[in-house]
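Under UniProt numbering, the first residue of the sequence shown carries the number 1, and numbering increases by one thereafter. Every residue gets a Cβ at the ideal spot worked out from N, C-alpha and C, and that includes glycine. These numbers come from a predicted model, not from an experiment. Just below is one structure, and these are the notes that go with it.
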Amino acid sequence: MDRLFNISAGDTAHGSDWYAVEDPAFLHAIAEAPITNQGGLDDAVSAASAALPAWSRDLAGRRHALKQCADLLAANLDELAVLLSREQGKPLPAAKREILSARSYLQYFAEKPAAQEIIRRDPNRTVEAVRAPLGVVGLIVPWNFPIVLLAMKLGPALWTGNTVVAKPAPTTSLTTLAIARLFAGCLPAGVFNTVTGGAELGASLVSHEGVAKVSFTGSTPTGKRIMAGAAPTLKRLTLELGGNDAAIVLADTDLDAAAPLLFERAFMNAGQVCCAVKRLYVHSSLYEPMVEKMAAIAASWRVGPGLVDGVHMGPLNNRQQFDHVHTLLRDAVAAGGRIVTDTATPSEWPGHFIRPTIVADIPEDSRLVQEEQFGPALPILPFDNEDEAISRANASEYGLGGSVWSSDPSRAAALAARLEAVNLFVNQHATPPEPSIPFGGMKHSGFGYEFGDWGCDEFVVRKVLHTPCGA
């Protein structure tokens, strides 16, 4: 069986053992990845620390290296996309889009100039903000968009002058390792290091005294453990955690236009998106027509392995998530919910397949409404007035995103601003991340930002420099 290796100090790093990465459609091993032990983690952190002084002083060199990394993603698109599709499960066109999105993010930071920020200038002095890198940063990346989310963190981390130790999710480590091997040819040794393994390795990375900051995307329970693990070293954190986004469809909405967009934003990547539509509130006058339209779209979607032509949706990435979604669906039916779509899964393949599932007539207190499903199951709930819809949407521990849909965008925008979430939309939802626009969460969806100037500042310490006039 093929084996992929970590990169540490610019060279191949072996682990203490190996584990198999499985294809979620066929349930057989694709290749093996190393298990990084404590010594391997220490080596990666030491390599990143040694590379920091030279790397942090040369913005022009950093931008040039990021441009080379972006070019390598484009040049190796086909090979990387196939590997990503096999280990994550997503359709090949979606895997290609993910690699190209990652490339565009790195290209953005390759072109981004440094900005000067003058706080005050008077006859006696100039006061300006000086940004310095934090040091070695740990990037912990989940399995739903392993390459996009790596690039969302890696681009600003490297652009601001930090060096990196990245840990991909165990179930989707192969493409990251392949990319790290490519990047070793253009990044100075020690700037980008990878470690692979399970939760124990992640905890060691978080608590490591040589790591100044951790940027994590993943579940809320894991985020809480990371916050506790980071406390003894007082390291900085960015936590992009779970979500239970609500979309509110007002009575004047054009369903023919809205339904396909809502469906795609609920079921893209098999619903494994932190800011997907996860609760759909529809005005009672449009409720039954919306249920019928969404069920019809579900029937038209083809489910299968990501490398099969014409597939709209692949399997869930892992057995744990597959079992979780089935548990929520069983609870929904027991609570009186009505499944209005065909739930028969493809019989040709043994993997973690669940068809797009629409659930109507479901109580507000059911688990499918209250919890994050992170899978292809969408509850649709009626409401009678707008204040009620906003109140029910806000009755969640999460605060990642939300949207309002209407033929009157101004009215919808005023309502969307009342949602207790950070990423708000009108007549759209969870648009693809753009590197110039900040993205973050509130409540149990975490804190801190990715992308935009706000996100870049998550990777620096801002110093205040006072200079007398004439100096």
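| Check | Outcome |
| --- | --- |
| Could you compute how far the alpha carbon of residue 447 sits from the alpha carbon of residue 151? | 19 Å |
| What residue range is occupied by the uninterrupted beta strand (DSSP E) comprising residue 327? | Not the beta strand (DSSP E): residue 327 falls in the alpha helix (DSSP H), residues 319 to 334. |
| Hey, which unbroken runs of the alpha helix (DSSP H) at 4 residues or more fall wholly within the region 175 to 241? | 199 to 207 and 220 to 230 |
| At which residues does the beta strand (DSSP E) containing residue 396 begin and terminate? | From DSSP, residue 396 is part of no beta strand (DSSP E); its letter is neither H nor E. |
| Given a cut-off of 9 Å, decide if residue 130 and residue 121 are closer than it, judged by their beta-carbon atoms. | no |
| Cα separation between residue 17 and residue 147? | 24 Å |
| Let me confirm a value: residue 213 is counted as buried when at least 16 other C-beta atoms fall within 10 Å, else exposed. Which label applies? | buried |
| Based on DSSP bridge pairs, tell me the residues matched to residue 19. | 33 |
| With distance defined between alpha-carbon atoms, name the residue in 169, 185 and 328 nearest to residue 35. | 169 |
| Leaving aside the five residues before and after residue 157 along the sequence, list all residues of the same chain whose C-beta is less than 6 Å from its C-beta, in chain order. | 137, 164 and 459 |
| Find the nearest neighbour of residue 319 within the set 333, 366 and 374, judged by alpha-carbon distance. | 374 |
| Taking just the CA atoms, how far does residue 442 sit from residue 220? | 12 Å |
| Does residue 311 come out as helix, strand or coil in the three-state DSSP assignment? | coil |
| Check the C-beta distance from residue 402 over to residue 424 and give it rounded, since I have them as a contact under 8 Å. | 6 Å |
| For residue 253, does the count of other Cβ atoms within 10 angstroms reach 16, so buried, or fall short, so exposed? | buried |
| Report yes if the CB atom of residue 480 is closer than 9 Å to the CB atom of residue 74, and no otherwise. | No answer is possible for residue 480: it lies beyond the span of the chain, which begins at 1 and ends at 471. |
| Hey, residue 134 and residue 141 are a contact pair by Cβ (cut 8 Å); roughly how many whole angstroms apart? | Not really, about 18 Å apart at Cβ, beyond 8 Å. |
| In chain order, which continuous runs of the alpha helix (DSSP H) of length 4 or greater are located wholly inside the region 90 to 145? | 92 to 111 |
| Please classify residue 32 as buried or exposed, where buried requires at least 16 other C-beta atoms within 10 Å of its C-beta. | buried |
| Where DSSP assigns a beta bridge to residue 463, which residues make up the other side? | 130 |
| Determine the closest residue to residue 396 out of 428, 312, 246 and 14, with distance taken between C-alpha atoms. | 246 |
| So if DSSP puts residue 64 in a beta bridge, which residue, or which two residues, is it bridged to? | Paired residue(s): none; residue 64 is not in a bridge. |
| On the criterion of 16 or more Cβ atoms from any shown chain inside 10 Å, does residue 321 qualify as buried, or is it exposed? | buried |
| Give a yes or no on whether the C-beta atoms belonging to residue 249 and residue 378 are separated by under 9 Å. | no |
| Less than 9 Å between the C-beta atoms of residue 89 and residue 356, yes or no? | no |
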